[in-house]
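Residue numbers (the working numbering): 5 to 533. To keep things clear, I will list the structure first and then write my remarks on it.
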Amino acid sequence: MDSPLEPQANSEMTTLVLAMIGLGSIVLFRLVMSRPQGKPIPGPHGVPVLGNLLQLGGGRNWLTFTEWKKQYGDIVYLNMAGQDAILLNSSKVAADLLDRRAAIYSDRPKNVVCQILTGGLVFAFSQHNDIWKVMRRAAAETMSNSAMKSYEGPQEVEATLLVHDLLKKPADWDAHLSRAANSLVLGTVYGMPPIRDHNNPDIAAVNLFVERALHACAPGTFLVEYLTWMQHLPRWMSPWRQYAENSFNFYASLFERLYDDIKKRIAQGDETPSVASTIYHDEKHLGVSDREAAWLSATLYAGASGTTSGQLTWLIVAMVLHPEAQKRAQEEIDRVVGRDRMPTFKDFNQLVYVRAFVKEVLRWRPVGPLGVPHRLDQDDVYDGYYFKKDTIFITNVWAMNHDLETWGPDADDFVPERHLDEKGNLKPSVPDTKDESHHSFGFGRRICVGRNLARTSMFIYTACILWAFNVSPGTDERGNIILPDADAGISDGLVVRPPDFPCKITPRYADVPALVAHVKEMYGFAADA
Numbered sequence: 005m006d007s008p009l010e011p012q013a014n015s016e017m018t019t020l021v022l023a024m025i026g027l028g029s030i031v032l033f034r035l036v037m038s039r040p041q042g043k044p045i046p047g048p049h050g051v052p053v054l055g056n057l058l059q060l061g062g063g064r065n066w067l068t069f070t071e072w073k074k075q076y077g078d079i080v081y082l083n084m085a086g087q088d089a090i091l092l093n094s095s096k097v098a099a100d101l102l103d104r105r106a107a108i109y110s111d112r113p114k115n116v117v118c119q120i121l122t123g124g125l126v127f128a129f130s131q132h133n134d135i136w137k138v139m140r141r142a143a144a145e146t147m148s149n150s151a152m153k154s155y156e157g158p159q160e161v162e163a164t165l166l167v168h169d170l171l172k173k174p175a176d177w178d179a180h181l182s183r184a185a186n187s188l189v190l191g192t193v194y195g196m197p198p199i200r201d202h203n204n205p206d207i208a209a210v211n212l213f214v215e216r217a218l219h220a221c222a223p224g225t226f227l228v229e230y231l232t233w234m235q236h237l238p239r240w241m242s243p244w245r246q247y248a249e250n251s252f253n254f255y256a257s258l259f260e261r262l263y264d265d266i267k268k269r270i271a272q273g274d275e276t277p278s279v280a281s282t283i284y285h286d287e288k289h290l291g292v293s294d295r296e297a298a299w300l301s302a303t304l305y306a307g308a309s310g311t312t313s314g315q316l317t318w319l320i321v322a323m324v325l326h327p328e329a330q331k332r333a334q335e336e337i338d339r340v341v342g343r344d345r346m347p348t349f350k351d352f353n354q355l356v357y358v359r360a361f362v363k364e365v366l367r368w369r370p371v372g373p374l375g376v377p378h379r380l381d382q383d384d385v386y387d388g389y390y391f392k393k394d395t396i397f398i399t400n401v402w403a404m405n406h407d408l409e410t411w412g413p414d415a416d417d418f419v420p421e422r423h424l425d426e427k428g429n430l431k432p433s434v435p436d437t438k439d440e441s442h443h444s445f446g447f448g449r450r451i452c453v454g455r456n457l458a459r460t461s462m463f464i465y466t467a468c469i470l471w472a473f474n475v476s477p478g479t480d481e482r483g484n485i486i487l488p489d490a491d492a493g494i495s496d497g498l499v500v501r502p503p504d505f506p507c508k509i510t511p512r513y514a515d516v517p518a519l520v521a522h523v524k525e526m527y528g529f530a531a532d533a
């Protein structure tokens, strides 16, 4: 299929003057009509009309917000061109509101372009309505911890294939991680065999959808999100509408084809266990239509693939920058697993330090340092602060994961040992993290439904990489060591990845290639494929 129409930013400039007049009128109206209630909410000063909007948009807002936490506290008020927004900087406040008052804090901001582009069928971004409740319940059931147990075998296969790829072409490690993440999630959701082609067209198409959905749903991308009257303009004057509608039609066709393939395989008696096949068999019980099931399946794939790939890249950053932690994990693996087989999920309980390593990667460098904003359904009061209906709440996951009061003076450092007690066992998780010891999976009814798959896949990939390889800094053409910049995350919509960097991935011992080839053959793959 051809790609849908690209957004034409320049076209919107034709309405800019009209837009600014409209924006000024709206903001003035809101200022006149608003009546301060409760104690003042601290926050940075903005400018007339635009408020704090010009102070954002640099691509690393989580760092700006964390500086504001130091100055203004755990609850910070922002004026986003007339839209009230509250920045939540502490886990207690976020849990008090988004977890313990989830009934009124579970909506999403009303995003015109995102709703058109997704048809309101991507439950991660959709409004808190009946369709969302049905799709969310279906996702929670099919992606539960017990349901994910049945996919541990395929995860072990994918981990083996990843190690094989890294042995063959270690310089292409980032592409291998991306392929492994995409293939794992594609197999889990659609029951497809492991993808060996880095240029698989379905993966490319769905990844483009993820990119466009994140772009459309990010605050401030399109003027119409602030000037809602623009949605009444004729279609020919609304390039954002053309882009969103064309994108929806393109992806609806793709997602429904992928789901139809599942139905055909089931009808032919060629069913492979998958999330989509479970949804198909349980459509009546789950209360979803065929179209909703198709979009639900695609959403689960899209949401898990990009975040898993990004988190694996941060895993490599941690290994390169912290060889002492890498070595300690390898010593544990050698003691528990040995060198005559690869790690499996049977080793999970004994690989305590490896699990702490994974927890620390997720805490130290979350791929979603700000998460997706929540929206308040009705007026509310908290700790003397008055929050108006439709206020947007932004969770500063970065600040919570790096909180000095919770994690101590080394909160910004990568220290897996912080998750262990004096006997080397995992500590109980810190409060309000739902046994995760970090806030990277979100809050309340909007918590990431793919967290069980994310957690287990990170474990098996980490264990197998550390069993097979030493990961060390790369060099430039002159032999100078190049370290990854862990403080230079690049935001792609709502997902943050490190900038590109080289690294050396070398087998830890001579028998690794032969052992991996043997395991591959056991799984039915040619040793050199």
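C-beta: ideal position from N, C-alpha, C; glycine also.
By the neighbour-count definition (other C-beta atoms within 10 Å, threshold 16), V362 is a buried residue. In the three-state reduction of the DSSP assignment, R379 falls in the strand class, which pools E and B.
Under a 10 Å Cβ-count criterion, V51 is classified as exposed, with fewer than 16 other Cβ atoms of the shown protein chains found around its own Cβ.
Less than 8 Å divides the Cβ of A128 from the Cβ of V376. If you check the CB distance, N400 and L374 come in under 8 Å.
About 5 Å separates the CB atoms of F473 and I509; that is less than 8 Å, so the two are in contact. Across the set P506, I396 and R359, the C-alpha of I396 shows the shortest separation from the C-alpha of A98. For R332, same chain residues with a beta-carbon under 7 Å away, outside a window of 5 residues either side, are Y357 in chain order. Spanning the alpha carbons of R359 and H423 requires a straight line of approximately 9 Å. By the Cβ neighbour-count rule, K73 is buried, with 16 or more other Cβ atoms within 10 Å of its own.
Residue pairing by DSSP places G478 opposite I486 in a beta bridge.
K524 counts as buried, since no fewer than 16 other beta carbons sit within 10 angstroms of its beta carbon. If you compare the alpha carbons of R343, R200, H522 and V371 with that of G307, the shortest gap goes to V371. For M526, the uninterrupted alpha helix (DSSP H) segment begins and ends at V516 to M526. Excluding sequence positions up to five before and after I120, its CB lies within less than 7 Å of the CB of R245, A248, E249 and F252, all in the same chain and listed in chain order. Residue range I79 to M84 is occupied by the beta strand (DSSP E) that includes I79, with no alpha helix (DSSP H) assigned at that position. Of the residues assessed, Q41 falls on the exposed side of the cut-off, its CB having fewer than 16 other CB atoms within 10 angstroms. Approximately 5 Å separates the beta-carbon atoms of H378 and Y109; this is inside 8 Å, confirming the contact. With contacts defined by Cβ atoms closer than 8 Å, D351 and V341 form a contacting pair.
Secondary structure at P511: strand, using DSSP grouped into helix, strand and coil. Apart from the 5 residues on each side of it in sequence, M323 sits with its Cβ closer than 7 Å to the Cβ of Q330 and V475 in its chain, given in chain order. DSSP, reduced to helix, strand and coil, places I494 within a strand of the structure shown. Under the DSSP definition of a beta bridge, G55 partners with V51 and M84.
The DSSP-derived three-state label of I108 is coil.
Take the alpha-carbon of T192 and the one of D381: they are about 35 Å apart. The region 301-316 and the region 267-285 touch, with no fewer than 3 CB-CB distances between them shorter than 8 Å. Contact annotation: T164 and M404 have beta-carbon atoms that are not nearer than 8 Å.
A straight line joining the alpha-carbon of N203 with that of T68 spans about 37 Å.
Of the candidates L319, Y230, D480 and D515, Y230 places its Cα closest to the Cα of G55.
For R501, the uninterrupted beta strand (DSSP E) run begins and ends at V499 to R501, by DSSP. Considering only L58, V434 and W177, the residue with the shortest C-alpha distance to W411 is V434. Ranked by how close their Cα comes to the Cα of I337, the residues H219, A208 and W471 have W471 in first place. For A89, the pairing in a beta bridge is given by DSSP as L82 and I396. Close CB contacts of V189 within its chain, under the 6 Å cut and outside five residues either way in sequence, are with Y305, A308 and S309 (chain order). Secondary-structure assignment with DSSP links Y389 through a beta bridge to G42 and Y386. The alpha carbon of P48 has as its nearest neighbour, out of I469, R64, L91 and G63, the alpha carbon of L91.
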